[in-house]
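Presented below is the structure to which this report refers.
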Amino acid sequence: MPLGDGRLSHDLDPSDRSPQDACGVFGVWVPPSEASRAEVSKLTYYGLYALQHRGQESAGIAVSDGSRIVVFKDMGLVAQVFDESVLNTLRGHLAVGHCRYSTTGSPTWENAQPTFRSTDAGGLALTHNGNLINTPELAARLDPGVLTATSDTEVLAALLATHGGGPMEAAREILPATRGAYSLVFMDEGTLYAARDPEGIRPLVLGSFEDVGWVVASETAALDIVGARFVREIEPGELIAIDADGVRSERFAEPRPKGCLFEYVYLARPDTTIAGRSVQATRVEVGRRLAREHPVEADLVIPTPESGTPAAIGYAEASGIPYGQGLVKNSYVGRTFIQPSQTIRQLGIRLKLNPLREAIEGRRLIVVDDSIVRGNTQRAIVRMLRDAGAAEVHVRISSPPVKWPCFYGIDFATRAELIAGNLSVEEIRDSLGADSLGYISLDELIAASQIPKDRLCRACFDGVYPIPVDEDSRGKHLLEPSTT
Ligand code: SF4
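Under full-length UniProt numbering, the first residue of the sequence shown is numbered 1, with each subsequent residue one higher.
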C-alpha cells in the first residue's frame, strides 16, 4: 500500500515532485531517573514530528537505559511508525531519532535509521542528515560482507563500529576522511554524540533543558517543540559528546563553512532560526527584493499555498499591491492512501488546489512560488487561474533558476528534468503560459540571507560545487547491485 506523502505544502502534482530533503536528526540526553526513562522516547517522537518535513519515507528511534540499546524503525511517517504502546516500550535516558528521505540507498527497511551496529564494547546507533560523496572510497576500507544495508550511513556506522576504540576515538579518525554533507547524531549505551561536516552544509543545533538535559536537532523548531532552549549551532568540523559530565567539544577538522542556501528558500521550517535569523523573516525579505527586481502592474498578489506564502507577503509589502488568497489548498489530500483512477488523475492539481473565483475573475494576478522544478505544477496553476477568469497571470519565483543537481543531500530531479537546466527564462515563461516570469537573482537571495556569499553553498543555482564530486561517487544506488 503506498504511503501518503504527508507533505502538506508541496508536491501538488505527484509527477512534479518538489526537492526532497535528506532527513531530520534528533538526540536527547537527560539524567537517569524513573521519570526520565519514560519521557525520552516521547521527547524524541515529538522532535521527529517537528522535523517530519525533512523526510517522510521512514522513521526510527534508538533508546538506551545505560546498559542496552533498543531500536525501533519502520517505513512511513513518524505518526504511522510509532504509537503510545511502542513508545512505552522504548525506555531509557538517552535516545536518537531519525526521519528519512533517501539520497544514497533505496527507501527500504534496512536503510531506515537509526543504523545499529555492535561494537567490541556494546552497540552504536547512528543517524545522519546529508549525503556523503566518497562512499565507495570509505566502503573500500571495510572487510567484505560487513555491510548489511546500502546507504552511505551504513558505511559510516560500520567504520565507526569496527574501529576498535570508543565512538569519540573512532569519529576523530574516520570523520576527517569522510567527504560530503553529514550532520550526525549517534549514541552508545551511555553517551550522546553529534558531529557536523567541516562545511556545515546541513544544519545542526544544540539545546538544553535548564542545563540538566541536552538536545541535538536538525532545526531550532524541534527544540522549541520539546521545550528546550537554543544554546548554539554545532560548528562545522565539531564533534561533541554529552553525558553526566556535561558537553565536551572538540574539533576534528578546520571549519570551511558552506551552509546550504536552499535551506532558506525551501527546506527549513519557517519558524526555524539559522545563524540568528528566522527563516520566515528571510523568506519575506526575499519577496520584497523580488518585487523590486521584477515589478509589474497588477491587482493582487497571491501565493501558491503554502510554499509561496512568505515571499508573497514580502512582494505585496514592497510593491504596495494587495495580498490575498486566490487558491485554496486541501491540506489533507497529501495523506490519501487511495490511488486515483485515470479519470480522477486527469483532474491533476485540482484534487489539491481550488481557485477562489471571486478573488480571481477579471484581475491581473501575481502568483508567487518558492521554486520551479519541472514546471508542471506552475503550468497547471496558470491554466487554472486563466480558466477561473484571471485577466493576466504573472509568475514570480523566490529562488533563482534551479539548474544543477545537489550531491549533498537534496534529491532534485536530474539536470535533464530540471526545466531551467534546459530552457531560458523566456522559454520557461512561454512553456508555463504566463504573461511574465521573474526569478529572484542569486545576489539578491544571498543578500536576503545575510550570510556572506563565500560561506554558502549555492551549487544548484550556479554549478559551483564547494566539495568536488567524482563521477563514480554520484547516484542513489551506487552500493546496490545493477539490475540492468
Ligand atoms: S547544491 Fe543546492 S540544495 Fe544542495 S547543498 Fe548546495 S545549495 Fe543546498
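Backbone N, C-alpha and C define an ideal beta-carbon position, used for all residues, glycine too.
- By Cβ distance below 7 Å, which residues in the same chain neighbour A228 in space, the five residues on each side in sequence not counted? G207, S208, F209, V215
- Message: Rounded to whole angstroms, what is the Cα-Cα separation between V286 and T119?
- Response: 48 Å
- Query: Taking Cβ positions, are S398 and L290 nearer each other than 7 Å?
  - Reply: Going by C-beta atoms, S398 is nearer than 7 Å to L290.
- For V25, collect the residues of the same chain with a Cβ closer than 8 Å to its Cβ; drop the 5 residues on either side in sequence, then sort them by chain order. L51, V96, G97, H98, T127, H128, N129, S183, L184, V185, L204, V216, A217, S218
- Message: Using a 10 Å radius around the Cβ and a threshold of 16 neighbouring Cβ atoms, would you call T148 buried or exposed?
- Response: exposed
- Please work out which residues of its chain come closer than 8 Å, Cβ to Cβ, to R383, disregarding the five sequence neighbours upstream and downstream, and give them in chain order. Take R383, set aside five residues on each side of it, and the residues of its chain with a beta-carbon closer than 8 Å to its own are G433, in chain order.
- Message: Quick check: the stretch 404 to 411 against the stretch 350 to 370, are at least 3 beta-carbon pairs closer than 8 Å?
- Response: no
- Message: Tell me which residues share the same chain as P305 and place their Cβ nearer than 8 Å to its Cβ, disregarding the 5 neighbours each side in the sequence.
- Response: S9, Q325, L327, V328, K329, L353
- Taking DSSP as the reference, what is the three-state secondary structure of K329? In this structure, DSSP gives K329 an extended state, which the three-state scheme calls strand.
- C260: CB within 6 Å of a non-hydrogen atom of the ligand SF4: yes
- Name the residue from R288, E293, E233 whose alpha carbon lies nearest to the alpha carbon of A221. Selected option, being the one with the closest Cα: E233.
- Query: Where DSSP assigns a beta bridge to A217, which residues make up the other side?
  - Reply: F26, V205
- Under 7 Å, do G375 and S431 count as touching if we go by C-beta distance? yes
- Who are the near neighbours of W109 in its chain, counting only those whose CB is closer than 8 Å to its CB and skipping five residues on each side? S58, K73, D74, M75, listed in sequence order.
- Go ahead and pull the three-state DSSP assignment for I321. coil
- Task: Starting from F461, trace the alpha helix (DSSP H) both ways and give me its first and last residue.
- Result: 459 to 462
- Task: Look at V63 and P114 and say whether their C-beta atoms are less than 7 Å apart.
- Result: no
- Message: For R396 and E444, I'd like the C-alpha separation in whole angstroms.
- Response: 14 Å
- Query: So, helix, strand or coil for P176, using DSSP?
  - Reply: helix
- Item | Delimiting residues of the beta strand (DSSP E) encompassing R374 | That residue, R374, is in no beta strand (DSSP E); it is neither H nor E in DSSP.
- Item | T119, enclosing alpha helix (DSSP H) - first and last residue | T119 -> no alpha helix (DSSP H), and no H or E assigned at all.
- Query: Looking only at its own chain, which residues have a Cβ that is under 8 Å from the Cβ of T483, when we skip the five neighbours before and after it?
  - Reply: With a pLDDT of only 39 at T483, under the threshold of 50, the placement of this residue in the model should not be trusted, and no figure is reported.
- Task: Could you check if Y39 is buried or exposed, using at least 16 other CB atoms within 10 Å of its CB as the buried criterion?
- Result: Note on residue identity: the sequence assigns Glu, not Tyr, to residue 39. It is buried - the Cβ of E39 has at least 16 other Cβ atoms within 10 Å.
- Task: Tell whether a beta-carbon distance below 7 Å holds between V402 and L385.
- Result: no
- Proximity to P255 [Cα-Cα], best of R117, P303, L175, E84: L175
- Item | Reduced DSSP category for D5 - H, G, I as helix; E, B as strand; rest coil | Note that D5 has pLDDT 34, beneath the 50 cutoff, so the model's placement of it is unreliable and the number below is only indicative. Coil at D5, not helix or strand.
- So what does DSSP say about G334, is it helix, strand or coil? Low local confidence applies: a pLDDT of 49 at G334 is under 50, so the model's placement there is unreliable, with the coordinate-based value given in what follows. In the structure shown, G334 sits in a helix (DSSP, three-state: H, G or I).
- Query: For Y266 versus S449, is the C-beta distance shorter than 7 Å?
  - Reply: no
- Query: Are G238 and R196 touching if we call contact CB-CB under 7 Å?
  - Reply: Gly is not the amino acid found at residue 238; the sequence shown has Glu there. Yes, the Cβ-Cβ distance between E238 and R196 is below 7 Å.
- Message: What would DSSP say about K73, mapped onto helix, strand or coil?
- Response: strand
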